[in-house]
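Asker:
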Amino acid sequence: MDPFCGCGTTITVAQRLDRKWIGIDITHLAINLIKWRMKNAFGLEAMKDYKVVGEPTDLSGARELFSQNRYQFQWWALSLINARPYGDKKKGADTGIDGYIYYMEGKDIVKKVIVQVKGGHVSVSQIRDLIGVMDREKAELSIFITLEHPTTKMDEEANIKGFYKFPLGGEYLRVQILTIEELLKGNKPKLPPLKIPSFKEAERYKREEKTLDLHDK
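Counting with our numbering, you get residues 156 to 372 for the letters of the sequence shown.
1) Determine the direct distance from the alpha carbon of TRP176 to that of LYS293, and round the result to whole angstroms.
2) Report the rounded CA-to-CA distance for PHE321 versus ASN237, giving the unit in angstroms.
3) Let me know the alpha helix (DSSP H) ranges lying completely inside the region 192-254, each 4 residues or longer, listed in chain order.
4) Look at the alpha carbon of CYS233 and the alpha carbon of ILE335, and state the distance between them as a whole number of angstroms.
5) At what residue ranges does the region 305-359 contain a whole run of the alpha helix (DSSP H), taking only runs of 4 or more?
6) In whole angstroms, what is the alpha-carbon distance linking TYR258 and LYS266?
7) Roughly how many whole angstroms lie between the Cα atoms of VAL288 and ASP173?
8) If you count every other CB in all the chains shown that lies within 10 Å of the CB of GLN170, and 16 or more means buried, which is it?
9) Using the beta-carbon count (16 or more within 10 Å), is PRO158 buried or exposed?
10) Hey, how far is the Cα of VAL270 from the Cα of PHE221?
11) Tell me whether PHE318 is buried or exposed, calling it buried when 16 or more other Cβ atoms sit within 10 Å of its Cβ.
12) By the DSSP assignment, the beta strand (DSSP E) with THR301 in it spans what residues?
13) What's the C-alpha gap between ILE186 and HIS276?
Encoded structure:
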């Protein structure tokens, strides 16, 4: 048992040695990063070997988490699409970026998808702002995750950006809007083949108040 498991080194080794383990940490950011590490080290099959206790499992739980702490909500929402968190949003100015997803555009060419998470009221101006961030970052794709249902104007604005033609085949909507409800039902963004970055690149995180438990079988 590791009661302060951080980025999950101890439990990753325990999993590799086929040992039973319990890891505990206090932020959804840490849990998100540990999920990345386990998936990177052992593949998707490893996710069947453990369960996460303390995360929202339905829409009411998601709303409760947002009401308690919007940063914890943000980090949890990013984990639903396997996005890498972008730093500690309590520090510094808002960059308009909450997370990244990486994909391969060709041999040794790694590109990023910008992710934004919103828990409160949403409007078309937020989609316009997201498009501005895409242009600034020279990103081909973005994902807008919302706790509330998007308006018709938001969908229309997102569609204006059109499609990204992936060099290796396929087209993808440049701005994709997904609700928490859709993600909890198993819907995922449509993206090119993804790249999981090295866990050594994971950002540092600040410990907060609520305790989450990672339990094995």
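Using N, Cα and C, we set each Cβ at its ideal position, and we do this for glycine too.
Answerer: With the given structure in hand:
1) 42 Å
2) 20 Å
3) 214-223, 225-234
4) Reading the sequence as shown, one finds Leu at residue 233 and not Cys. If I take the Cα positions, the gap works out to 10 Å.
5) 307-315, 335-339
6) 5 Å
7) 44 Å
8) buried
9) exposed
10) 17 Å
11) exposed
12) 296-301
13) 27 Å
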